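Structure first, then comments.
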Amino acid sequence: DAKTTQPTSMDCAEGRAANLPCNHSTISGNEYVYWYRQIHSQGPQYIIHGLKNNETNEMASLIITEDRKSSTLILPHATLRDTAVYYCIVRVSQAGTALIFGKGTTLSVSS
Amino acid sequence: DAGVTQSPTHLIKTRGQQVTLRCSPKSGHDTVSWYQQALGQGPQFIFQYYEEEERQRGNFPDRFSGHQFPNYSSELNVNALLLGDSALYLCASSLEQPYGYTFGSGTRLTVV
Numbered sequence: 027d028a029k030t031t032q033p034t035s036m037d038c039a040e041g042r043a044a045n046l047p048c049n050h051s052t053i054s055g056n057e058y059v060y061w062y063r064q065i066h067s068q069g070p071q072y073i074i075h076g077l078k079n080n081e082t083n084e085m086a087s088l089i090i091t092e093d094r095k096s097s098t099l100i101l102p103h104a105t106l107r108d109t110a111v112y113y114c115i116v117r118v119s120q121a122g123t124a125l126i127f128g129k130g131t132t133l134s135v136s137s
Numbered sequence: 067d068a069g070v071t072q073s074p075t076h077l078i079k080t081r082g083q084q085v086t087l088r089c090s091p092k093s094g095h096d097t098v099s100w101y102q103q104a105l106g107q108g109p110q111f112i113f114q115y116y117e118e119e120e121r122q123r124g125n126f127p128d129r130f131s132g133h134q135f136p137n138y139s140s141e142l143n144v145n146a147l148l149l150g151d152s153a154l155y156l157c158a159s160s161l162e163q164p165y166g167y168t169f170g171s172g173t174r175l176t177v178v
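Line order of the protein sequences matches chains C and D. According to our numbering, the residues represented by the first sequence are 27 to 137, in order. According to our numbering, the residues represented by the second sequence are 67 to 178, in order.
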C-alpha cells in the first residue's frame with residue numbers, strides 16, 4: 027500500500043506557482059521522497075526526488091520538512107502542459123525496490 | 067536515444083484467451099518493472115525483472131507471468147483473461163541502482 031496522503035485535486039492559474047503537498051508521516055530514515063507525474067494517456071514521468079535536503083532541478087523544487095513527515099512539490103510557473111496527475115512516493119533507493127503508487131493529485135492548470 | 071518502447075499500443079482480446087505484451091527498456095537500463103493501471107487509478111505494481119529473474123512481485127495472481135531476455139527486453143504474459151484485466155499496462159526500466167524509472171507509454175488491453 028502507498029505510504030503517502032495527497033489531496034485528490036488542485037487548481038492553479040497559468041503562470042502562478044503550483045504547490046502540491048504530500049504527507050508521509052511514517053517515512054523511515056532511509057526512504058526517499060519521489061515525485062512522478064502522468065499526463066493523460068502517457069506513462070508516468072520522473073520529476074524529482076530527495077532524502078532530507080531541499081532539491082531543485084529544471085522541472086521543479088522539492089521542499090521536505092525538517093521532521094520529514096511531509097513535503098511540497100513546487101512548479102514555479104505552471105503552464106497548461108503541467109496539467110497531470112502528480113504522484114508522491116516514498117521508497118528506499120536500493121535495487122529491487124519497486125515504486126508503489128497511490129492515487130495522486132490531479133492538478134488542473136487553467137488560463 | 068530511444069526511451070522505453072512497448073508493443074502493441076492497443077489490443078483487444080476475448081475472455082479466457084492469453085496475451086503477451088512486450089517491452090524494450092531504455093538503452094543502458096537492465097531492470098524492467100511492469101504495472102497495471104485501471105481507469106482512474108494509480109499504477110499497480112505487478113513484478114520486476116533483473117538478470118532474467120523475477121526479483122519482486124506485487125499482489126497479482128499466477129495468471130500473470132513474465133520473462134526477461136539477455137538483451138534486457140521483457141514480456142508480460144496473462145493467461146485466462148478476465149474482463150477485469152482490461153487496463154493500461156505500463157513497463158518501466160531503470161538501472162540496477164535506480165534513482166529514476168523511465169516509463170513507456172503503455173499497452174491498452176481491452177478484454178471483451
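We treat Cβ as the ideally placed atom computed from N, Cα and C, and that holds for glycine. This one's a predicted model, so the numbers in the text were calculated from it and none came from an experiment.
At a cut-off of 9 Å between beta-carbon atoms, Leu-147(D) makes no contact with chain C. Residue environment: Ser-160(D) is assigned as buried (16 or more neighbouring CB atoms within 10 Å of its CB, all protein chains considered). Counting C-beta atoms within 10 angstroms of its own C-beta, Gly-82(D) has fewer than 16 neighbours from the protein chains shown and is therefore classed as exposed.
With respect to chain C, the C-beta atom of Thr-176(D) has no partner C-beta closer than 9 Å. For His-66(C), no beta strand (DSSP E) run applies, since DSSP gives it neither H nor E.
By the neighbour-count criterion, in which 16 or more other beta carbons inside 10 Å mark a residue as buried, Asp-128(D) falls on the exposed side. Counting C-beta pairs closer than 8 Å gives three or more between the stretch 98-107 of chain C and the stretch 75-90 of chain C, which meets the contact rule. Of the residues assessed, Leu-105(D) falls on the exposed side of the cut-off, its CB having fewer than 16 other CB atoms within 10 angstroms. When secondary structure is reduced to three states using DSSP, Leu-125(C) falls in the coil class, being assigned neither helix nor strand. Considering only beta carbons, the part of the stretch 118-132 of chain C lying closer than 9 Å to chain D consists of Ser-119, Gln-120, Ala-121, Gly-122, Thr-123, Ala-124, Leu-125, Ile-126, Phe-127, Gly-128, Lys-129 and Gly-130, in chain order. Residue environment: Lys-78(C) is assigned as exposed (fewer than 16 neighbouring CB atoms within 10 Å of its CB, all protein chains considered).
Look at Asp-128(D) here: in three-state DSSP terms it is coil, with no helix or strand label. Against chain C, the CB of Pro-127(D) has no partner CB under 9 Å away; the residue lies outside that interface. No residue range can be given for Gly-150(D), since it is assigned to no beta strand (DSSP E) and is classified by DSSP as neither H nor E. Of all alpha-carbon atoms in Ser-35(C), Gln-32(C), Arg-42(C) and Ser-51(C), the one lying nearest the alpha-carbon of Glu-92(C) is that of Ser-51(C). Relative to the Cα of Asn-49(C), the nearest Cα in the group Tyr-113(C), Ala-39(C) and Tyr-72(C) belongs to Tyr-113(C).
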